[in-house]
Amino acid sequence: MDDWLIAIIKVVCIWVWVLLIAVVMTWVERRGAAMIQDRPGPNRAGPFGLFQPIADGIKLFTKEEIIPARSQKLLYILGPLLFSLPAFSAYAVVPFGDKIILGGKEIILQVSDVNIGFLFILAIGSMAVYGIILGGWGSTNKYSILGGLRSTAQMISYEVPLGLSLLAVVFVYGTFSLREISLAQQGTFLGFLPNWGIFKQPLGFILFIVAAYAEANRVPFDLPEAESEIVAGYHTEYGSMRLGLYLFGEYVNLVTISGVIVALYFGSWHLPYINLGAYLGPVLWGIVSFCIFFLKVSFFLWLFVWVRWTLPRFRYDQVMGLGWKALIPLALFNIFITALFIQLTV
Amino acid sequence: MNQNPTPQTGHETGDYVTVNIGPSHPAMHGTLRVITLTDGEYIIKADPEIGYLHRGVEKLGENLTYHQFIPITDRLNYCSAIPNNVSYEMAVEKLMGIEVPEKAQLIRVIMMELARIADHQVCVGILGVDLGAFTPFFYLIIQREEIYEIFEWFNGARLTNTFGRIGGVDADLPDDFEERWEELKPNVRKANEETEKLLTHNRIWMDRTIGVSAFSAEDALNWGFTGPCLRACGVKRDLRKDEPYCMYDKFDFEVPVGKNGDVFDRYKVRMIEMEQSIRIIDQAYKLYKEMPADAPLMARVPKTIKPPAGEVYSALESPNGELGFFVKSDGSANPYRIRIRPPCYMIYQAFPELVKGELIADLVACLSSLNVIAGELDR
Amino acid sequence: MATEAYNGGGWIATKLEWLINWGRKRSPWPLPYGTACCGIEMMCALAAGYDMARFGAERPSFSPRQADVLIQAGTITMKMAPVFKKIYDQMAEPKCVISMGACACSGGVFRTYSTLQGIDKLVPVDIYIPGCPPRPEALLQALLMFIKKTEKSHPIIHKKYSDLLVGT
Amino acid sequence: MDLKKRVEQCLGPESLVVAMTECQGDVSVEVPKRRLLEAMRLLRDTPDLGFDFLSDVFGVDNLDLNKPKKKPKKAEEGEGAEAEEPKEKGPLPPRFEVVYLLLCLERNERLQVKVRVSEDDMEVDSLTSMWKAATWPEREAFDMYGVRFKGHPNLKRLLMWDDFPAHPLRKDYPLEGQGEERHLIYED
C-alpha cells in the first residue's frame, strides 16, 4: 500500500517537475536567444518575462480550435497526443537523484527502476515519430507531409546510432538500468579522472549527443519544422493548444534527453573526486543529489539553446548522409573497440 | 499529382508533386511565388511567378513631374533607396545635359556606398536566417540601424530617403559626419567579422552554400546577370570601374570576383564589397574635405524641369547590379516614358535554371543569395 | 439580468477574463506579412534595436493558424488580394489586423490600376499605422494599442451582453 | 571611329537601318521589324561592334507623340514638343516601338535598337533564342503593351494576373485603371 502511494507521489512529483522545467526552458530559450542576439528578449510578462510561457499557454488554450476541413480528423487530433504522451512518459526511467530515506523507508529518486531502462526509452522515444507523421499526414497539407516525412526519415535514421552508442554503454556497465549505471559512476577512473561515462565512452558520447539532437529535432537538425523552407513543417496546420502540445512536448523531450545524457555520461548525481553521500545525512543527501543532477541537466538544456542560436541548419540529404555514412559506421566502430577493450581487460 | 511530367533530371521515379511556395512564405520575402514540381524534395521544375507587388510605378512616372518621381524611386529597392534616387537623377541630368558639381558627386558617392553596405548587410543577414542561422542577422541589423541613423540625420528618413535633387544634392554633409563615420566604421567591421566567424568557416554553412545553384559565367551573361551575382560567377564587371560615374574612377578599390557562382561566392563577394565600400567612403570623404566649403552643391537647373525631347539610358552599379533608367521625354513637364531596368529582375528570371535539380532547401538559399527585392522586381 | 451580475463584479468571471486577457495581450504572435518597404521596417522592429519580443511577439508564425496578429506591412496589389484574404480567413479567432504603412491603409502614393486602395476593403482592420514607411517605434506603439484593446475585450461574456456593459 | 559610324557601316550595306538618332551620346538605331533577328546577329557577331549583352527590352507607346494635328487646338500646353514631330503628315507612324538595350562588355558601349510595331501587326521576333535575358522583359512588354513575340517559349502575362483584360502601360489606359476587379472568391 505504501509503495503504491509513494509511486503515485513520485509520478506526480516528477511530472510536475518535468513540466516546470519545460516551462522554464521555453523562457530560457527566449531569453537566451535574446542574450546571444544582443536584445532584451521578453520582459513584460512578470519579472524578467518569467511568466511569458504561461501567457503563451493561456493564449493557446483560449484560442479558437480549427480542424481544417479537408484534414483527416482522427489523425489530426491524434497527432499531438501521440507526440506529447511519450515525451511525458519517457522520463519515468530516468533518475533524478540518488535516494532519500524518509520515515525509515528508502525511496529511490526515480519513478521506476526497471531493468530494461534503455529499451524503454528507445521504445517510447520512437513512439514520438508517430505523432509527427500522423500529424503531418492528417493535416493534408504538402508542407506538413514534407515535414512529417523529413522527421520520420530523420528520427528512424538517427535511432540507429543512438541505440548503437547506448549499446556500447551497456557493454561497459553490463546493465540496462539507468540507476545501476549511475551508481557505477562513483569514484575515479584510471586514478585521476572522475569515473564518468564520458571518459569511458568519449566517442560514444559524441555520437549520442549528435543523435539526440537529431531525435529532438533541434538545430542543426530542425528540418521537420524548418521555418524558412516548409513554413512550420508538420505543425503548419495546427493552432491553439494542439500546437502547444507539440511545442511543449519538444521541450519535455529535451529534458528527458538531457537527463539521459547526465545519467549515462556525466556521472549522474556524483560530484567528481568527492563522495558527498558519505558525509551527508540520508535526507540531506537525497536533496543534494537531486540538486547536483538538476544542475547538470540545466547545463545540457542550456547547450541546446546555445547550439540552436549559433549554427545554421543542415540540408535534408546532408542529415541523412551524416546519419548513415558517418554516425552509424562510427557507432559500430565504437562498439567494436569497446568490446575489444572489455575482452582484453576482463 | 502531375500525371504527365517531363523528366529532366536523373531522379525520375514516376510520381511528382507540385508544391506551391509563396507568396506568403517565410523565405519568399512576402511577394514571390514559385510553383515547383518536386520529386520528393528534388526540384524537377520551378516556375517563378512575379507581379505580386506590381504597383504601376512606370505608369505612375508618366503622370508625375520629373521631381515628383524621385520619391517613387525610393520604393523600388527599399533596402537601399539612395542608388535608385541617384540613378534616376543621373538619367534626367543626362537627358538635360547637366553637369553635376563635384562636391555633390562626392556626397552622392558617400551616401550610395553607405546604402550599399546596408543593402549587403540585410542580404547576408536574411541569407543566414533562411539557412537557419539567426544570430548574424541580429548582429548585422544593429549596425544597419546606425547607418540608418546617418541617413535619417542627413535627410530625415530612415528608409525612403528621397536623396538628392536633379542637378545635385539639396544639402551638404553635416559637420560631424566624420565623427559619426569614424564611430560607425569599426562597428561595421566588427559585425562583419563576427558574421564571418559564425558563418564563413562553419562546416554546415559551407556544406549548405558551396556548390549550391552554381552558374557559369557564359550562362550568367546570357541571362543578363549583373552585380554581385555576376561577379560571383567570375566575371569582373562593375559599372563603377567600367563606366565610371560620379568620380568613381578617382577611387582605389577592388572588385571581388568569385569562381563558381554559387551561393557561397555570392555571399563572399558581398562581404568583401562591404569592406571595399568602407574604403571608398574614406577616400571620398578625404576628397570632399579638400573641397572649398562654399563649393556649389547644385548645378544650374531650371525651376520647372522640361528636358528637351529625346531618350537616354543611364545606369549605375546599385548593390544588386546594374540599375538603369530609360527616360523618354516629349519636351513637356512629365516624362513620356520611364523604364526601370532593375538588376534582380534579370537575375531572378534565371531562377528555374539555378534551382533545377536542387533540393527545396537549396531553393531557399539560392533565392536569398540573389537578393531579390520585390519592389524593383515588380515595380 | 445576467449583465447586472457581471457589472456588479462577478468575481470569478471577471478574474478569469482578466487572466485570459492577460495571456492574450502578453503573447501576440505576429504573422509578419511584409510585402514592401514597410516589411524592412518591420524587420527592424523584430530585430535587436527595437525588439518586439519584449512584448511577447517573439515567435513569428508564418502559418496563419498559429498567429494572433496579422501585421500587414506594405502594399497589397490586386494580384495579391485573394492571397491576403485567404490568409486572414485562415487565422483563428481572436485575430487582430495591424495595417502598417500608407499603402496598406489607403494605397499610399500608388493610386494606380494595380494597387488595392487600402486593405480595409478586404478585411476588418483593427489598428492603422500611418507613415511611408512608419518607423519601428510606430509599430511598437501599435502593439501597445493592441494590448490596450485586448484588455478591454470580454472573452467569456457572450458578445450579446458584452456590448451592453458600461464603462468599458 | 565613333559608334554611330560603325553601326552604320555594319548595318547599312544590308539596308537594315531605318533611322538613326543620337541623344546626349546615346546612339539609337531603328531596324526593320521583319529583319530584327538578322540585325541583332550582325550587331552581336561583328567584331568591331560585339554587342554581346542584352541589357533590357521594353515597349514604348507613341500614341501621344503621334498626334501632332491636335497640337494647335491645345496650344496652351503644346510647349517644347515642336522639335519632335512636325514631319508626320500622311498616315500615322506605327504606334508602338520595342526598344532593345545592348551593351558591349569589351568596350563598354551601349546601343539602343528599336523596332516599330503598328497596331494591326503586333508581332515581333523574339530574341530569346539569342539571349535568355529577353525572356521576362518580352513577357512584360506583352503584358504591358500587347506586343506579341514570335518564338517566345512561354508568352503569358508576367506582372498582371492572367485574365486581366487590358494592357496597362498603353497611353489610352487610365492610371487608376478601368475598374478591373480581381475575383476574390476562392474555392477551398
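Same order as they appear, the protein sequences are chains A, B, C and D. If you count the first sequence from 1, position 151 lands on 151 in my numbering, and the numbers rise without skipping. Basically my numbering = 1-based index in the second sequence + 1000. Basically my numbering = 1-based index in the third sequence + 2000. Basically my numbering = 1-based index in the fourth sequence + 3000. Virtual Cβ for every residue (Gly too), placed ideally from N, Cα, C. Since the structure is predicted, the reported quantities are computational estimates derived from the model, not experimental observations.
Cβ of C/T2112 within 8 Å of any chain D Cβ: Numbered from its first residue, the third sequence carries residue 2112 of chain C at position 112. Taking 8 Å as the CB threshold, C/T2112 lines the interface with chain D.
Does the distance from the CB of D/V3029 to the CB of D/V3017 come in under 8 Å? The residue labelled residue 3029 of chain D in the question sits at position 29 within the fourth sequence. The residue labelled residue 3017 of chain D in the question sits at position 17 within the fourth sequence. Against a cut-off of 8 Å, the Cβ pair of D/V3017 and D/V3029 comes out as a contact.
Along chain A, which residues have their Cβ under 8 Å away from the Cβ of B/N1202? Within the second sequence, residue 1202 of chain B is the residue found at index 202, counting from 1. Under the 8 Å cutoff, chain A gives L311, P312.
Just how far apart, CA to CA, sit A/G244 and C/P2155? In the first sequence, residue 244 of chain A corresponds to position 244, counting from 1. In the third sequence, residue 2155 of chain C corresponds to position 155, counting from 1. Just so you know, the alpha carbons of A/G244 and C/P2155 end up roughly 20 Å apart.
With DSSP run on the structure shown, which of helix, strand or coil describes A/L82? As a working mapping, residue 82 of chain A is identified with position 82 in the first sequence. Per DSSP, reduced to three states, the secondary structure at A/L82 is helical.
Beta-carbon neighbours of B/V1312, restricted to chain D and to distances below 7 Å: In the second sequence, the residue the question calls residue 1312 of chain B occupies position 312. The answer, in chain order, is C3023, Q3024, D3026.
Buried or exposed, going by whether 16 or more other CB atoms sit within 10 Å of the CB of B/H1201? In the second sequence, residue 1201 of chain B corresponds to position 201, counting from 1. Answer is exposed; the Cβ neighbour count stays below 16.
Does A/I342 pass the burial test, meaning 16 or more other C-beta atoms within 10 Å, or should it be called exposed? Position 342 of the first sequence, counted from the first residue, corresponds to residue 342 of chain A. Here A/I342 is exposed: its Cβ has fewer than 16 other Cβ atoms, across all protein chains shown, within 10 Å.
Supposed contact pair B/E1317 and B/D1238 - C-beta distance, whole angstroms, cut 8 Å: As a first step, residue 1238 of chain B is located in the second sequence; it is residue number 238 there, counting from the start. As a first step, residue 1317 of chain B is located in the second sequence; it is residue number 317 there, counting from the start. Rounded, the Cβ-Cβ distance is 6 Å, consistent with contact.
For a contact meaning CB atoms closer than 7 Å, what does C/F2146 contact in chain B? Looking up residue 2146 of chain C in the third sequence gives position 146. Chain B residues near C/F2146: none, gap ~21 Å exceeds 7 Å.
Look at B/G1375 and B/Y1148 and say whether their C-beta atoms are less than 8 Å apart. As a working mapping, residue 1375 of chain B is identified with position 375 in the second sequence. As a working mapping, residue 1148 of chain B is identified with position 148 in the second sequence. Going by C-beta atoms, B/G1375 is not nearer than 8 Å to B/Y1148.
Verify whether the separation of the beta carbon atoms of C/C2105 and B/L1159 is less than 8 Å. Numbered from 1 along the third sequence, position 105 holds the residue referred to as residue 2105 of chain C. Numbered from 1 along the second sequence, position 159 holds the residue referred to as residue 1159 of chain B. Not a contact, by the Cβ cut-off of 8 Å.
Residues in its own chain within less than 6 Å of B/M1096 by CB, not counting five upstream and five downstream? For the purposes of this step, residue 1096 of chain B is taken as residue 96 along the second sequence, with counting starting at 1. Excluding residues within five positions, the ones whose Cβ falls inside 6 Å are P1307.
Is the stretch 3138-3155 of chain D in contact with the stretch 3166-3173 of chain D, if contact means three or more CB pairs nearer than 8 Å? In short, these stretches touch, since the Cβ pair count reaches three.
Provide the residue span of the beta strand (DSSP E) that contains B/G986, from first to last. Not covered by the structure: residue 986 of chain B. The range shown for chain B is 1001 to 1379.
Among D/F3058, D/E3180, D/G3179, nearest to B/V1327 - alpha-carbon criterion: Sequence index remark: in the second sequence, residue 1327 of chain B carries index 327 (1-based). Minimum Cα distance to B/V1327 is reached at D/F3058.
Below-8 Å beta-carbon distance, C/G2056 vs any chain B residue: By one-based count along the third sequence, residue 2056 of chain C stands at place 56. No - not a single Cβ of chain B is within 8 Å of the one on C/G2056.
Do you know offhand how far B/V1257's Cα is from B/Y1267's? On the second sequence, position 257 is the one that residue 1257 of chain B refers to. On the second sequence, position 267 is the one that residue 1267 of chain B refers to. A direct Cα-to-Cα measurement between B/V1257 and B/Y1267 gives close to 11 Å.
Measure from the alpha carbon of C/Y2113 to the alpha carbon of each residue in D/T3128, D/E3138, D/F3164, then state which is nearest. Stepping through the third sequence from its first residue, residue 2113 of chain C is reached at position 113. Nearest of D/T3128, D/E3138, D/F3164 to C/Y2113, Cα basis: D/F3164.
Starting from the N-terminal side, write out each stretch of the alpha helix (DSSP H) that is 4 residues or longer and does not extend beyond the stretch 1010-1065 of chain B. The qualifying runs are 1057-1062.
With a Cβ-Cβ cutoff of 8 Å, do A/V252 and A/A22 count as a contact? The sequence position of residue 252 of chain A within the first sequence is 252, counting from 1. The sequence position of residue 22 of chain A within the first sequence is 22, counting from 1. Yes, these two residues count as a Cβ contact at 8 Å.
Count the other CB atoms within 10 Å of the CB of A/I101; is the residue buried (16 or more) or exposed (fewer)? As a first step, residue 101 of chain A must be located in the first sequence, where it is residue number 101. Exposed, since its Cβ has fewer than 16 Cβ neighbours within 10 Å.
Does A/Y265 pass the burial test, meaning 16 or more other C-beta atoms within 10 Å, or should it be called exposed? Here residue 265 of chain A refers to the residue found at position 265 of the first sequence. Within a 10 Å sphere around the beta-carbon of A/Y265 sit 16 or more other beta-carbons, which makes this residue buried.
For A/E250 and A/L50, I'd like the C-alpha separation in whole angstroms. Along the first sequence, one-based indexing puts residue 250 of chain A at 250. Along the first sequence, one-based indexing puts residue 50 of chain A at 50. If you draw a straight line from the Cα of A/E250 to the Cα of A/L50, it is about 19 Å long.
Whole angstroms is fine: what's the gap from C/L2016's alpha carbon to C/E2151's? As a working note, residue 2016 of chain C is residue 16 in the third sequence. As a working note, residue 2151 of chain C is residue 151 in the third sequence. Roughly 12 Å between the two C-alpha positions.
Within chain B, the residues that A/R315 reaches when beta carbons sit closer than 8 Å: Here the question's residue 315 of chain A lines up with position 315 in the first sequence. Using a Cβ-Cβ cut-off of 8 Å, A/R315 is close to D1207, R1208, L1359, A1361, D1362 of chain B, given in chain order.
With distance defined between alpha-carbon atoms, name the residue in A/D3, A/N43, A/V231 nearest to A/N141. In the first sequence, counting from the first residue as 1, residue 141 of chain A sits at position 141. A/N141 has its Cα closest to that of A/V231, out of A/D3, A/N43, A/V231.
Roughly how many angstroms lie between the CA atoms of B/E974 and D/D3056, to the nearest whole one? Look at the range of chain B in this structure, 1001 to 1379, and you will see that residue 974 of chain B is not part of it.
Under 8 Å between C-beta atoms, does B/G1030 make it to chain C? Taking the second sequence and counting its residues from 1, one reaches residue 1030 of chain B at position 30. At least one chain C Cβ lies under 8 Å of B/G1030.
By DSSP, does C/I2071 sit in helix, in strand, or in coil? For the purposes of this step, residue 2071 of chain C is taken as the residue at position 71 of the third sequence. C/I2071 sits in a strand when the DSSP states are folded into three classes.
For B/R1165, list the residues DSSP reports as bridge partners. If you number the second sequence from 1, residue 1165 of chain B lands on position 165. According to DSSP, which records beta bridges pairwise, B/R1165 is partnered with B/G1168.
Going by beta-carbon coordinates alone, are B/T1135 and A/W309 separated by less than 8 Å? Sequence index remark: in the second sequence, residue 1135 of chain B carries index 135 (1-based). Sequence index remark: in the first sequence, residue 309 of chain A carries index 309 (1-based). The Cβ atoms of B/T1135 and A/W309 lie closer than 8 Å to each other.
Chain-order list of residues whose beta-carbon lies under 6 Å from that of D/L3003 (same chain, five-residue window excluded): Reading the fourth sequence from its first residue, position 3 is the one you call residue 3003 of chain D. V3027, E3109, listed in sequence order.
Just the Cα atoms here: how many angstroms apart are A/V160 and A/L344? Along the first sequence, read from residue 1 onward, the residue named residue 160 of chain A stands at position 160. Along the first sequence, read from residue 1 onward, the residue named residue 344 of chain A stands at position 344. The alpha-carbon separation between A/V160 and A/L344 amounts to approximately 27 Å.
Compute the Euclidean distance between the alpha carbons of A/G286 and A/F96, then round it to the nearest angstrom. The sequence position of residue 286 of chain A within the first sequence is 286, counting from 1. The sequence position of residue 96 of chain A within the first sequence is 96, counting from 1. Roughly 10 Å between the two C-alpha positions.
Should A/N43 be flagged as near chain C, meaning a C-beta pair shorter than 8 Å? Taking the first residue of the first sequence as 1, we reach residue 43 of chain A at position 43. Under the Cβ criterion of 8 Å, A/N43 is counted among the residues facing chain C.
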